[in-house]
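Report on the structure given below.
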Amino acid sequence: MEKLYSLVQKTPTPQKLALGVMILLVLGGGHYWFIYTSQAEELQKLSRQLQTLEEELHEKEEIAGNLTKFKQRVEYLQQKLEEKKKNLPDDANIDHLLKTLNELSEKSDIRIIKFSPASEVRKNFYAEIPVKMEIEGNYHEITTFFDKIAKEERIINVSDIGMSEPAVRSGKVVLQAQCMAKTFRAVKSPNVAAPGGKVKKKPGAKGK
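Residue numbers 104 to 311, in our numbering, belong to the letters of the sequence shown in order.
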């Protein structure tokens, strides 16, 4: 060590300066190579990871936003479905239909003489439920009754209307009316009725 120090003392000043600059360059290069380069690579790696996480976060936020909109849409459609079920229920519910018609007849001051449900007729996604009715009242009361039926939530069509046997009672002309009232129900798994009342099977279906 003393020899090295003595050698340095004897070295001319210009050479000392050159040696000092060389040492600084070596130290600087080593620092850049071993420390700065590795840190820069680590920073780039972290930057890429951060960008990936931000992209994933943005994607998840979009999914969450769409999920909320999707849930709202499902709730809206479910509400609309429940409303439509009032127009086209899943079952015939003849008892409820009779109750409804009785209530309407009382409000219209007419009397239901006969209420005879017939066999339902299958269509594509729904079934017709025909009901033969005979009612009694004056002309205005009968038309009021039909008007109230038309305004019901459940779809009820009245056709084949005929009026007969007019008679004067309590100072008013009372008529007997015959009609066909058709209501409907939804068919979840429609089957096509074949002649003779048998149900046609889908192609490829095996019989038991």
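Glycine included, every Cβ here is placed at the ideal spot set by N, Cα and C.
Source: prediction; values computed, not measured.
Among the options, whose alpha-carbon lies nearest the alpha-carbon of residue i?
| i | options | result |
| --- | --- | --- |
| L207 | D194, D250 and A270 | D250 |
| A280 | E239, A230, F228 and Q182 | E239 |
| V290 | S211, A284 and D194 | D194 |
| E231 | P192, K217 and M266 | P192 |
| H243 | L204, L149, L170 and M266 | M266 |
| I216 | G168, K148, D263 and L204 | L204 |
| N227 | T247, F287, T171 and K202 | F287 |
In the DSSP assignment, find the unbroken alpha helix (DSSP H) run with residue i in it and report its ends.
| i | result |
| --- | --- |
| D263 | Unbroken run through D263 is the beta strand (DSSP E), I259 to R272; no alpha helix (DSSP H). |
| I213 | Per DSSP, I213 belongs to no alpha helix (DSSP H) and is neither H nor E. |
| A253 | Y242 to A253 |
Compute the Euclidean distance between the alpha carbons of residue i and residue j, then round it to the nearest angstrom.
| i | j | result |
| --- | --- | --- |
| K285 | D212 | 22 Å |
| R257 | E178 | 22 Å |
| A253 | I259 | 7 Å |
| E162 | Q182 | 30 Å |
| V261 | I166 | 50 Å |
| I197 | I264 | 21 Å |
Terminal residues of the continuous beta strand (DSSP E) containing residue i?
| i | result |
| --- | --- |
| A284 | K275 to A289 |
Quick check on residue i: buried or exposed, where buried means 16 or more other Cβ atoms within 10 Å of its Cβ?
| i | result |
| --- | --- |
| L153 | exposed |
| L200 | buried |
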